[in-house]
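K.L.:
Quick one: structure below, then a few questions.
Written as structure tokens, this is what we have:
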């Protein structure tokens, strides 16, 4: 397909002229990184055209949802992560480009060139509190990263999380709040919830303290309300939805640790993040233990002793390292 033909198809897509064949061509042509230049060129052209127009109408929401359904069926499995890279490249040029991939609407107004992304990180044993531009309050757990714009424009308040955070979201029925992680997407209007999604952890989770949230998994959509939570096993793709008797969400803010059928490797990483230590497993030994329990403001040694009592896991210290063995 010639470059100008590809650009014309994308233009038709953005203008609301949809067909399954054209949408399929879009997903196929944009799947390859060497096609990035086409989207960049088109973005620049659209921007120049916008400069000459005083009023640019918004795209119709029904068409937006229709495109989302079509693309969700046609997209390659690794398409979403690539589109995110394209999106950030394009916003550097500035354009009003709508990409609806897997039900995620990445839509910005014509003043996108003025938006600056803020990134907040925490280190080992560190927590941070911050307030977003809309007044929403966030507590970021250790070894986590949150990325958000200095101003929420468009129809969605969108942030990206790598790690764990507690969210207290300011209500805005006209502008849903979305949290993007590597494992799932969470959408709310105004509520309080906790998200745990560390890239190397096998178990990912969402817990609701107040209100309702929708969690979009690779193959399903789950609604959660107060005192409900979902655990996703990234290795198997299986998930479980639970209701807690007590409303203890994000107890880590108070120094507590909570595990629910958590693989021992995830527990070790959690302890590393919390206590700024290094934990390894004795070579040649396999560990398939699943850990459940709560630990309130206890020191590392007490927790290691608890692991020994619960499942017979021993430990020894070598300099700054802790080695677990059977």
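In the UniProt record's numbering, the protein residues as written are 1 to 326.
Backbone N, C-alpha and C fix where the C-beta goes; we use that ideal spot for every residue, glycine too.
(1) Going residue by residue through the stretch 204-291, where are the continuous alpha helix (DSSP H) segments of at least 4 residues, counting only ones entirely within it?
(2) What first and last residue would you give for the alpha helix (DSSP H) that runs through residue 302?
(3) Can you tell me which of 144, 236 and 288 puts its alpha carbon nearest to the alpha carbon of residue 161?
(4) I'd like the span of the beta strand (DSSP E) that includes residue 158, first residue to last.
(5) Hey, residue 140 and residue 118: beta-carbon distance below 8 Å or not?
(6) Please go through the same chain and pick out, in chain order, the residues whose beta-carbon is closer than 8 Å to the beta-carbon of residue 172, but skip the five residues on each side of it.
(7) Distance check for residue 245 and residue 168, CA to CA, integer angstroms please.
(8) Within the same chain, show all residues whose beta-carbon is closer than 6 Å to that of residue 327, passing over the 5 residues directly before and after it, in chain order.
(9) Nearest to residue 136 by alpha carbon, out of 303, 310, 178 and 300?
(10) Looking only at its own chain, which residues have a Cβ that is under 7 Å from the Cβ of residue 150, when we skip the five neighbours before and after it?
(11) Determine the direct distance from the alpha carbon of residue 166 to that of residue 274, and round the result to whole angstroms.
(12) Spatial neighbours of residue 82 within its chain, please: CB distance less than 6 Å, with the 5 preceding and 5 following residues excluded, ordered by chain position.
(13) For residue 309, count the other beta carbons within 10 Å of its own beta carbon; 16 or more makes it buried, fewer makes it exposed. Which is it?
(14) Does the Cβ of residue 61 have 16 or more other Cβ atoms within 10 Å, making it buried, or fewer, making it exposed?
(15) Looking only at its chain, what residues have a beta carbon closer than 6 Å to the beta carbon of residue 240, apart from the 5 residues adjacent to it on each side?
(16) Per DSSP, what kind of secondary structure is residue 293 in: helix, strand or coil?
(17) Following the continuous beta strand (DSSP E) through residue 126, name the residue where it begins and the one where it ends.
(18) For a quick check, are the C-beta atoms of residue 261 and residue 234 less than 8 Å apart?
(19) Would you call residue 181 buried or exposed, if buried means 16 or more other Cβ atoms sit within 10 Å of its Cβ?
(20) For residue 188, list the residues DSSP reports as bridge partners.
(21) Could you check the C-alpha separation between residue 290 and residue 307 for me, to the nearest Å?
(22) Rounded to whole angstroms, what is the Cα-Cα separation between residue 213 and residue 284?
(23) Hey, how far is the Cα of residue 210 from the Cα of residue 250?
(24) Using the three-state DSSP reduction, which class does residue 199 fall into: helix, strand or coil?
(25) For residue 193, which beta-bridge partners are listed by DSSP?
(26) With DSSP as the reference, label residue 321 as helix, strand or coil.
(27) Ignore the nearest five residues each way along the sequence and tell me which others in residue 312's own chain have a CB closer than 8 Å to its CB.
P.N.:
Put simply:
(1) 264-275
(2) For this step, residue 302 is matched to residue 302 along the chain shown. Looking at the DSSP string, the run of the alpha helix (DSSP H) that includes residue 302 is 300-311.
(3) Taking the first residue of the chain shown as position 1, residue 161 is located at position 161. Closest option to residue 161, Cα to Cα, is 144.
(4) Counting from 1 along the chain shown, the entry for residue 158 is found at position 158. Residue 158 -> beta strand (DSSP E) spans 157-168.
(5) Taking the chain shown and counting its residues from 1, one reaches residue 140 at position 140. Taking the chain shown and counting its residues from 1, one reaches residue 118 at position 118. Contact flag unset, no.
(6) As a working note, residue 172 is residue 172 in the chain shown. Answer for residue 172: 134, 157, 189 and 190, listed in chain order.
(7) Here residue 168 refers to the residue found at position 168 when the chain shown is read from its first residue. Here residue 245 refers to the residue found at position 245 when the chain shown is read from its first residue. Straight-line Cα distance between these residues: approximately 21 Å.
(8) Residue 327 lies beyond the range of the chain shown here (1 to 326); nothing can be said about it.
(9) Looking up residue 136 in the chain shown gives position 136. Of the listed residues, the one whose Cα sits closest to residue 136 is 178.
(10) One-based indexing of the chain shown puts residue 150 at position 150. The residues are 115, 116, 118 and 133.
(11) Numbered from its first residue, the chain shown carries residue 274 at position 274. Numbered from its first residue, the chain shown carries residue 166 at position 166. Rounded to whole angstroms, residue 274 to residue 166 spans 16 Å at the Cα level.
(12) Locating residue 82 in the chain shown gives position 82, where the first residue counts as 1. Caution applies to residue 82, whose pLDDT of 41 falls short of 50 and renders its modelled position unreliable; the value that the coordinates give is listed next. Closer than 6 Å at Cβ, skipping near neighbours: no residue.
(13) Walking along the chain shown from the start, residue 309 turns up at place 309. Exposed: under 16 other Cβ atoms inside 10 Å.
(14) For the purposes of this step, residue 61 is identified with residue 61 of the chain shown, where counting begins at 1. Confidence at residue 61 is low in this model, with a pLDDT of 40, below 50, so its placement is unreliable and the value that follows should be read with caution. When all chains shown are included, residue 61 counts as exposed.
(15) The residue you call residue 240 lines up with position 240 of the chain shown. Hits under 6 Å: 231.
(16) As a working mapping, residue 293 is identified with position 293 in the chain shown. Note: residue 293 maps to strand in three-state DSSP.
(17) Stepping through the chain shown from its first residue, residue 126 is reached at position 126. Neither: residue 126 is in no beta strand (DSSP E) and is coded neither H nor E.
(18) Within the chain shown, numbered from 1, the residue matching residue 261 stands at position 261. Within the chain shown, numbered from 1, the residue matching residue 234 stands at position 234. In this structure, residue 234 does not lie closer than 8 Å to residue 261 by Cβ.
(19) Along the chain shown, read from residue 1 onward, the residue named residue 181 stands at position 181. Burial call: buried.
(20) Stepping through the chain shown from its first residue, residue 188 is reached at position 188. According to DSSP, residue 188 bridges with 177.
(21) As a first step, residue 290 must be located in the chain shown, where it is residue number 290. As a first step, residue 307 must be located in the chain shown, where it is residue number 307. When rounded, the distance between both Cα atoms is 11 Å.
(22) Residue mapping note: residue 213 aligns to position 213 of the chain shown, counting from 1. Residue mapping note: residue 284 aligns to position 284 of the chain shown, counting from 1. Approximately 43 Å, taken between the alpha carbons.
(23) Along the chain shown, read from residue 1 onward, the residue named residue 210 stands at position 210. Along the chain shown, read from residue 1 onward, the residue named residue 250 stands at position 250. In a straight line, the C-alpha of residue 210 is about 12 Å away from that of residue 250.
(24) Locating residue 199 in the chain shown gives position 199, counting from the first residue. If DSSP states are grouped into helix, strand and coil, residue 199 belongs with coil.
(25) Along the chain shown, read from residue 1 onward, the residue named residue 193 stands at position 193. According to DSSP, residue 193 bridges with 167 and 208.
(26) Your numbering for residue 321 matches position 321 in the chain shown. Of the three classes helix, strand and coil, the one that applies to residue 321 here is strand, per DSSP.
(27) Position 312 of the chain shown, counted from the start, is the residue given in the question as residue 312. 326, listed in sequence order.
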